[in-house]
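All residue numbers for the sequence shown refer to the numbering used here, where the first residue is 16 and numbers rise by one.
Let me begin by presenting the structure, written as structure tokens, before commenting on it.
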Amino acid sequence: MTSYRNQPSTSAGRMLIVAGLLCGVAAPAVAAAATDNAVAAAGDQQTANDIVVTGHAATSSRERQEAAPNIIQTISQAEARRLPDLNAGEIISRMPSVTISADSGVGHWINIRGLDADLTSTTYGGTHLPPPSPVTPQGGGRAFTFDAFPIGLVGAMTITKTNRPDQDAEALGGTIEITPKTMPKDRDFFIEGRVGSGMQFSRSTNVVDLSASAGIRFGGEKGNRPFTLVGSVNYYRDALGTDDRRVSYVDKAGSPNLAWSGVTQAYYQFHRKTRGGSIELGYEPNADTRLYVRYLNTGYQEEVVRNQFAIKMGNNGTANADGSITSSVKQLDKSVRDMMQRVSLHLTEVGGHNKIGDLALAYHASYAQGQDYRPYDTVATFSAKPSNASITYAHAGAAFPTYSFMGTDAYNPSNYTLSGVTNNNQTYRTREWSGGLDGTLATHLTGSRDEQIKFGVAARHRTNTHIYNSYSSTAVPSANLAAAANGQNIYYDQNHYANGPNIDMGYVNTLWQNGSGAGFATNATANAYASGLVQQDNREDVYAGYVQGQTSFGKLHLLAGLRVEHTSARYQGNTSVPVTSSAASAGTTTYNGSTLVPVSSTKEYTNLFPSVQACYTLAPDTVLRASYSSTIARPGFNQIDPAATIDVANNVVSTGNPNLKPITANSFDLSFEHYLPRGGIISVGVFDKELSNYIFSRTQFGGITDPVILATLGSQATATQVTTYANAAHAWARGIELNYDQHLTFLPGPLANLGVSANYSYIDSSGEIRAGERGSLPGTSKHIYNIAAYWDDGQFSLRGALAFNGASLLTVGTTKATDQYLEKRLSLDIGANYAITNNISIYAAARNLLNTPKIKSEGSQARIVQDQLSGAAFLGGFNFKF
């Protein structure tokens, strides 16, 4: 008999170390701050030796928000640096109604106002950014992957929640604008940066955190230098470890509730290097002319090593008197995965603006590319098929179920032999060529000083390509796991479970030799066939024009206009059909009685997007806003591509839906905002998004119109089961947003340096998730809040922040019992900074202090299907600015 081992966890001790380090920074600084306040109270005098640190980032952010004609929220990089956020997505996730999807301890995708990440648009300097990776929660492939954009390249970030006509309408959830770093108006040069290190506690690995930005004015004479050059670089290296456990359930008649059909335990080690750089050359000879050229190159390279232990049950299980369940063991697998992934984003843009009398012209042209390239992804599996072995487990649907084996030593490497090797390389690339021309004309019809008409045209040409090359072994040599895994038994998941010894990937590579090793064989035709099933080649062009006007009537400011967008698209892929089908004559690659037939579809449509934004100044620093705006989200390439996989024997088809319509929204917003000193705010907002043609995954019977599929299936005497996507006629998302941020300067003495920041959002949504059944939309967390308490006296700052995301629907199943949910998350981060001089400061920070797990459930909270832990991290170093 073998069982898991439960060893004492060191998490609590590590957290105490982090807390001690942070307090070590905080204690002397707080004391110094108290002394400074006492001195100031006594005489309010300043000497030449005093350190005076001033900052206006929060104030300028609030000023932008207050002055905007529509509803936005903005944050500067200086504000973002208060907490240990690593990328642009983690920064923005602390704003009202925003949630972030995290995987392996890093934030990836952003949901705004309860809508899926594929419905959010991301721009850089106003230019649309293509997704660097095809992997998104709902499979639409349009969500921007924020872990490819490090914080060191961010100048500021803005969420636009109510779209204007002069903005791209592809922003149904909202638009996230990343503003490049710029040259300060009052400076001839600047340089700033960070040098830091730290530790990831999950595997006790080191962190390197480096970033720098610099700018200079040159040419001409002092006071009139027309050229500016601003550049930024960022380098972040870590080796995060993640423990990931997944469970599947039997769910058959006669099986006990929560009986397992399989369990996988994955012990991950990620070696990631995030690199990025940006540069902008500007020419501004006078206030009426500016030209610029901008380049951005960012992303990461990551080597993933995963040691996985998989248990496959052989029957439906038997319930025991004590509530545990016993199942036979059909097969045990030990596998190692070695993958290299290079995710990159490139942007080149030229543009400028000129003013000719009352007419201001702005123009730009750009090329952007997002790419996920995986030169190799190798998996070697060693298997054991024990006879008369069983597994007994208790608390099967809980976070930490217990289990033990009978009749086999599951962790003995000598019981396993090599059963197969797979490998693939793939490139997923989205490219965009875009350009636009905008004109703004000052008019005088109402006598308002800010009256103007704005108009413009824009075009985007987008291509999307997925190239996949597959390898699967058909024969392997006789190799025992004992030769590849002879180390110690690994315990993971907070030391709850044994995972067996890790497999030496070097041994596997020497044995396999890229498929040429002795004893290995493969089928080239089968590999080509499998590769062709995945490949896609899509094109999507968008042409736009708009007109908008704005004016004021006393305290009331109005902006209104109309945007029109025409979409022309072509989608291409391959469908697998039997060689006996009448459609097989067009086949390209044939294997095992099936052939790949190229298929394509086209789509043309035009949409109108009206918008009205009203802002009324109730009092100085107090405004009331009301708006109506309209937006669009085009179907994901995987969702609309006509490629299909057809299982004739079982009468089952999996396919995209070329008849999909884009999702459109009519949005209504009302907000009250009162702005406080030092960047504070009190605001209340309500919103209602009415959605048409929301896209859901669907399992249906019949309804096939594709000629290639019909030619393959024939008369469909029995309705075919089809897994596809479909539009739901109507859906909605509604909610309330509360936001409060105030430096408590009214408190006496040193307490005046305290501050509180909090936001809360309640969001409700509804759509026809299955035919005749309504439910919450994927991605909607009903309750979202962020709470931060801080101390900031200008020299020392300390901030602790809690972030809560309520449970949300992740994937829609065939029934409610198979719906998967992302369970609620509560995380804690701390950041501290102390200014040694006006130019140098030290910082200390801790991420994920609660070691918050990523938990997925199926049907109910009592059926956990994934539990992932990534551990906490401590960071520290110094900042400089000159």
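Each residue gets a CB set at the ideal place from its N, CA and C atoms; glycine is no exception.
Which same chain residues end up closer than 7 Å to residue i when comparing Cβ atoms and leaving out the 5 residues on each side of it in sequence?
{"i": "P625", "result": "L577 and S645"}
{"i": "A53", "result": "Unreliable positioning characterises A53 in this predicted model, as indicated by a pLDDT of 35, which lies under 50. The coordinate reading is nonetheless provided below. If we look at A53 and ignore the five residues flanking it on each side, it has no Cβ neighbours."}
{"i": "Q80", "result": "I87, Q88 and T89"}
{"i": "F415", "result": "H511"}
Whole angstroms are fine: how far does the CA of residue j sit from the CA of residue i?
{"i": "Y561", "j": "T138", "result": "19 Å"}
{"i": "T582", "j": "L452", "result": "19 Å"}
{"i": "G450", "j": "T177", "result": "23 Å"}
{"i": "N126", "j": "S591", "result": "35 Å"}
{"i": "T610", "j": "G564", "result": "57 Å"}
{"i": "A741", "j": "I710", "result": "6 Å"}
{"i": "D203", "j": "G297", "result": "13 Å"}
{"i": "R261", "j": "K345", "result": "18 Å"}
{"i": "F205", "j": "P199", "result": "8 Å"}
{"i": "L633", "j": "E299", "result": "38 Å"}
{"i": "E688", "j": "R77", "result": "11 Å"}
{"i": "D834", "j": "T760", "result": "49 Å"}
{"i": "L98", "j": "P111", "result": "17 Å"}
{"i": "L978", "j": "R878", "result": "Coverage of the chain is limited to positions 16 through 897, which leaves residue 978 absent and any answer about it impossible."}
{"i": "P241", "j": "G366", "result": "16 Å"}
{"i": "N894", "j": "T660", "result": "54 Å"}
{"i": "T173", "j": "G717", "result": "45 Å"}
{"i": "G238", "j": "V308", "result": "23 Å"}
{"i": "T142", "j": "A641", "result": "27 Å"}
{"i": "D424", "j": "V319", "result": "28 Å"}
{"i": "A786", "j": "G189", "result": "28 Å"}
{"i": "Y631", "j": "I696", "result": "17 Å"}
{"i": "D59", "j": "Y858", "result": "Only weak support is given to the placement of D59: the predicted model assigns it a pLDDT of 37, under 50, and the question is left unresolved by the model."}
{"i": "A82", "j": "G588", "result": "48 Å"}
Excluding the 5 residues flanking residue i on each side, which residues of the same chain have their C-beta closer than 6 Å to its C-beta?
{"i": "A395", "result": "V351, V436 and V523"}
{"i": "A559", "result": "A473 and E580"}
{"i": "T333", "result": "T341"}
{"i": "R321", "result": "A281, Y283 and R352"}
{"i": "V265", "result": "A274, S276 and N331"}
{"i": "N479", "result": "T445, N553 and F652"}
{"i": "Y310", "result": "I294 and T363"}
{"i": "G790", "result": "I784"}
{"i": "D519", "result": "A499"}
{"i": "N801", "result": "R109, N774 and A818"}
{"i": "A726", "result": "S596, S597 and A598"}
{"i": "A629", "result": "L573 and A641"}
{"i": "H220", "result": "Sequence inspection shows Thr at residue 220; the His mentioned does not correspond to that position. Counting only Cβ-Cβ distances below 6 Å, and skipping sequence neighbours, we find A254."}
{"i": "V926", "result": "In the structure displayed, the chain extends from 16 to 897; residue 926 sits before or after that span and is not available."}
{"i": "V121", "result": "D162"}
Contact check, residue i vs residue j under 8 Å by CB: the rounded distance?
{"i": "Y914", "j": "S339", "result": "The structure shown does not extend to residue 914, since the chain is modelled only from 16 to 897, so the question has no answer here."}
{"i": "L843", "j": "G815", "result": "7 Å"}
{"i": "Y443", "j": "H481", "result": "5 Å"}
{"i": "S116", "j": "A103", "result": "S116 to A103, Cβ: 14 Å. No contact."}
{"i": "T867", "j": "L841", "result": "6 Å"}
{"i": "R252", "j": "V222", "result": "7 Å"}
{"i": "T445", "j": "P145", "result": "4 Å"}
{"i": "L496", "j": "Y431", "result": "4 Å"}
Among the options, which one has its Cα closest to the Cα of residue i?
{"i": "L824", "options": "N854, G782 and S842", "result": "G782"}
{"i": "I784", "options": "T714, N866, G170 and H798", "result": "T714"}
{"i": "P180", "options": "S856, I647, E688 and S885", "result": "I647"}
{"i": "D387", "options": "Y486, T160, N272 and G292", "result": "T160"}
{"i": "R475", "options": "N501, W448 and T489", "result": "W448"}
{"i": "R389", "options": "S148, A490, N335 and A575", "result": "S148"}
{"i": "L813", "options": "A746, E838 and A847", "result": "A847"}
{"i": "G246", "options": "T257, R232 and S228", "result": "S228"}
{"i": "T540", "options": "S698, V358 and T489", "result": "T489"}
{"i": "N335", "options": "P271, S402, T423 and S91", "result": "P271"}
{"i": "R669", "options": "Q757, Q654, S682 and F683", "result": "Note on identity: in this sequence residue 669 is Ser, with Arg being the wrong assignment. Answer by Cα proximity: Q654."}
Does residue i come within less than 8 Å of chain C when only Cβ atoms are used?
{"i": "A850", "result": "Of the protein chains in the structure, only one exists, and it is not chain C."}
Taking 8 Å as the threshold, find out whether the region 214-233 comes into contact with the region 849-861 through three or more Cβ pairs.
-> The region 214-233 vs the region 849-861: no contact.
Inspect the CB distances between the region 459-468 and the region 493-507 and report whether three or more fall short of 8 Å.
-> Between the region 459-468 and the region 493-507, the count of C-beta pairs closer than 8 Å stays below three; the two stretches do not touch.
Does the region 788-796 touch the region 754-772, meaning 3 or more C-beta pairs lie closer than 8 Å?
-> Output reads no: the region 788-796 does not touch the region 754-772.
Hey, is the region 612-619 in contact with the region 584-599, meaning 3+ C-beta pairs nearer than 8 Å?
-> Result yes; three or more Cβ-Cβ pairs closer than 8 Å.
Determine, using beta-carbon pairs with one atom in the region 363-380 and one in the region 297-315, whether at least three such pairs fall under 8 Å.
-> Inter-segment contact for the region 363-380 and the region 297-315 is present: three or more beta-carbon pairs are separated by less than 8 Å.
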